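Colleague: The structure is given below, and queries will be raised subsequently.
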Amino acid sequence: MKEARLLRVDPLRNPEPLIRRVYGYVAYRIGDGPDAEDITSETFERALRYKKSFDPQKGEPLAWLIGIARRLIEGRPATLELAIEVPDRADAGDLEDDTLRRLALTSAVSHLEPRDRDLIALRYGADLTARQIAEELDLRTNAVEVALHRALGKLRATIGEQGDPPVRKQGTAR
Amino acid sequence: MRHKRTNLETELRANRPEPSRELVHRLEGRVREGRRSRAGSFRVAFAGALAAGVLAALASVGGLGYAATATGDAVDQAKQAVRAHGVLVVHKSPSRDQYGPKAKKKKKAKKKAKGRRFARPPFTG
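And the structure:
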């Protein structure tokens, strides 16, 4: 009965939004670029390989994929750690505001402690709810909300130290 | 304070790193391919199971037929053996004397005459 139910549920039925959110999470964790692409690809390879192990009662497909990605990030060699640098302000004129803003934020996130970075990546990269994060980290929802609040405070402080990123047009926000 | 925090959260979501179009297409293709191969493997497995079932059915019928033929052959062979040599019955043998049916003994007729046991012997002179 259980197997029949598992066969009916395909966690990768609509892959595109899942790819974007997994990549968002991974990129916030280790930085935007080829390594994030490799981790995302490996996440989906493993998901395809172990698709039968997905249990919809335990959570959403995204949470399952993020769990795989987290384990891959934690198991990767430390040499893959990216140092994200914000380009000099003098060269900023060559870059579009969006790109500069993104780089500044990613850089600020990369300066956070691993646990805070993980929380930010789970909440704003993977777009998980506090409840889903709590399930993933085996914490209480309230504890996650408090930890997120603190992580945002640290991030704001980091951005303040680096200097305010260029103002982004509000109309382009998604 | 609240407005500032909301802005930062919005910025974090809006500036979430996006995968390249090539990566998205490649992974979508990979997922579709995995789904197709899974469906294909199901078809192959179904065909294999069907073939195995048919073979098993045929083998069981064939086995029963073989067993029935073998039993018939054995019975025929036994019949032939009995017909060819016949059954040898030994009528006089030590074993038959010991275990065979006992021959009826002729009983001597006893003359039972009441009083004659004590009769006077015949006069002999």
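In the order they appear, the protein sequences are chains A and B.
With the first letter of the first sequence counted as 1, position 112 gets the number 119 in the numbering used here; the numbers rise by one all the way through.
With the first letter of the second sequence counted as 1, position 73 gets the number 687 in the numbering used here; the numbers rise by one all the way through.
Quick reminder that beta carbons are idealized off the backbone N, C-alpha and C, glycines included.
As the structure is a prediction and not an experimental result, all values here were calculated from the model.
(1) Would you say Arg650 of chain B reaches chain A, if we count a Cβ-Cβ gap shorter than 9 angstroms as a contact?
(2) Enumerate in chain order the residues of its own chain whose CB-to-CB distance from Pro736 of chain B is below 8 angstroms, with the five nearest sequence positions on each side excluded.
(3) Between the stretch 42-54 of chain A and chain B, which residues of the former have a C-beta closer than 8 angstroms to a C-beta of the latter?
(4) Pro94 of chain A by DSSP, collapsed to three states: which one?
(5) Can the beta-carbon of Val151 of chain A be found closer than 9 angstroms to that of Ile166 of chain A?
(6) Which value, in whole angstroms, describes the spacing of the CA atoms of Thr106 of chain A and Arg78 of chain A?
(7) Let me know if Ala659 of chain B comes out buried or exposed under the rule of 16 or more other beta-carbons within 10 Å of its beta-carbon.
(8) Whose C-beta lies closer than 6 angstroms to the C-beta of Ala128 of chain A among residues of the same chain, with five residues either side of it excluded?
(9) Taking the alpha helix (DSSP H) that Gln712 of chain B falls in, what are its first and last residues?
(10) Compile a chain-ordered list of the residues in the stretch 657-676 of chain B whose CB is closer than 9 angstroms to at least one CB of chain A.
(11) Rounded C-beta distance between Thr113 of chain A and Ala76 of chain A? I'm assuming under 8 angstroms.
(12) Quick check on the burial criterion: 16 or more other C-beta atoms within 10 angstroms. Buried or exposed for Lys58 of chain A?
(13) Alpha carbon to alpha carbon, what distance is there between Asp62 of chain A and Arg109 of chain A?
Modeller: Reading off the structure:
(1) Arg650 of chain B does not count as touching chain A.
(2) Excluding sequence neighbours, Pro736 of chain B sits near nothing in its chain.
(3) Listed in chain order, the positions of the stretch 42-54 of chain A with a beta carbon within less than 8 angstroms of a beta carbon of chain B are Ala43, Glu44, Thr47, Ser48, Phe51 and Glu52.
(4) Note that Pro94 of chain A scores 48 on pLDDT, short of 50, meaning its location in the model is unreliable and no value can be drawn from it.
(5) No, the pair does not count as a contact, with Cβ atoms beyond the cut-off.
(6) Taking the straight line from one Cα to the other gives about 29 angstroms.
(7) By the neighbour-count rule (16 or more Cβ atoms within 10 Å), Ala659 of chain B is not buried but exposed.
(8) For Ala128 of chain A, where only same-chain residues beyond five positions count, the Cβ hits under 6 angstroms are Tyr32, Tyr35 and Arg36.
(9) Element bounds for Gln712 of chain B: Pro708 to Tyr713.
(10) Result list empty, no residue passes.
(11) Contact flag wrong, Cβ pair sits at about 17 angstroms.
(12) With 16 or more Cβ atoms within 10 Å of its Cβ, Lys58 of chain A is classed as buried.
(13) Computed Cα separation, rounded: 35 angstroms.
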